[in-house]
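For the sequence shown, my numbering begins at 1 and goes up steadily by one. Positions of the beta carbon are idealized from the N, C-alpha and C atoms, including for glycine. To start, the structure itself, in structure tokens.
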Amino acid sequence: MKGEKVMAKPEIRNVVFDMGRTLIDWNPEKIAQAAGVPDEDTEMFVRETFGGCEWTAGDRGILSDDEIVAAACRRLPERLHENVRMAVTGWWNLWSPKIPGMEELVRELKKNGYRIYLLSNASSHVHEFFDRLPASDCFDGKYISADWKLMKPSHEIYETFCAHFGLVPKESLFIDDAPWNIEGAMITGMQGIVFYGDAKRLRREMREKGVAVAEDV
Numbered sequence: 001m002k003g004e005k006v007m008a009k010p011e012i013r014n015v016v017f018d019m020g021r022t023l024i025d026w027n028p029e030k031i032a033q034a035a036g037v038p039d040e041d042t043e044m045f046v047r048e049t050f051g052g053c054e055w056t057a058g059d060r061g062i063l064s065d066d067e068i069v070a071a072a073c074r075r076l077p078e079r080l081h082e083n084v085r086m087a088v089t090g091w092w093n094l095w096s097p098k099i100p101g102m103e104e105l106v107r108e109l110k111k112n113g114y115r116i117y118l119l120s121n122a123s124s125h126v127h128e129f130f131d132r133l134p135a136s137d138c139f140d141g142k143y144i145s146a147d148w149k150l151m152k153p154s155h156e157i158y159e160t161f162c163a164h165f166g167l168v169p170k171e172s173l174f175i176d177d178a179p180w181n182i183e184g185a186m187i188t189g190m191q192g193i194v195f196y197g198d199a200k201r202l203r204r205e206m207r208e209k210g211v212a213v214a215e216d217v
């Protein structure tokens, strides 16, 4: 209506990325295959190794690798036990390719003055392979669920993340492949974009929010 003030969009100063299926391709089936699991066992192996509550408990930091391996082995035939250990303790060595276009995007954001962060539901192993992530040298900080015993999409993890790094939520844009994680961030006051594996689409959506990135590279 005439006379009403138009509220300006909050300026985005910080861009926060999820890891799996956002920066690198988290694909349990590919991990199983790389660990030597026969094709006919892949579905069962993935379900019992990565689909159980123990894997999530590892991301929360309340179960060790040995406990995750032991739980999966109790449900799987003995011939797959060594495959389980390989997959649980070193999946990033088996399968962790970068998502196309994301390294270029991160580097461009950093060059344009944005602060870059990682916020991931993952085990503390991330610290071991962090330098493999796209443009890892551009990140100003990383916040891993297992270190804090908090998980997305609970509002506590977003609140403590922002508090830890001294970020203003409304000035922070979160990129994640899971809509419920984006919803959790937005409830906490952050801005968010669901990532569908397409860096070009992400660039367009970031530009719509006023982020200074090229439309394409």
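- Shortest Cα-Cα distance from residue 28 to any of 88, 69, 15, 75 involves 88.
- Here residue 106 is near residue 135, since their CB atoms are less than 8 Å apart.
- For residue 209, the secondary structure class from DSSP, reduced to helix, strand or coil, is coil.
- Around the beta-carbon of residue 97, fewer than 16 other beta-carbon atoms lie within 10 Å, marking it exposed.
- Annotation: the segment 87 to 155 contains the following complete segments of the beta strand (DSSP E) (minimum length 3 residues), in chain order: 115 to 120, 141 to 144.
- Residue environment for residue 112: exposed (fewer than 16 other C-beta atoms within 10 angstroms of its C-beta).
- For the 8 Å CB-CB criterion, residue 138 and residue 116 form a contact.
- Secondary-structure assignment with DSSP links residue 14 through a beta bridge to 115, 172.
- C-alpha of residue 80 to C-alpha of residue 41: approximately 9 Å in a straight line.
- When 195, 171, 176, 200 are compared, the shortest CA-CA separation from residue 210 is found for 171.
- Selection 84, 63, 34, 62 evaluated against residue 72 yields 84 as nearest (Cα-Cα).
- Contact annotation: the segment 50 to 67 does not touch the segment 8 to 25, with fewer than three C-beta pairs closer than 8 Å.
- In the structure shown, the three-state DSSP call for residue 61 is coil.
- Looking at the backbone, the Cα of residue 34 and that of residue 74 are separated by about 22 Å.
- For residue 166, there is no enclosing alpha helix (DSSP H), since its DSSP letter is neither H nor E.
- Residues 146, 149 of the same chain have their beta carbon placed closer than 6 Å to that of residue 61, with the five preceding and five following residues left out of the count.
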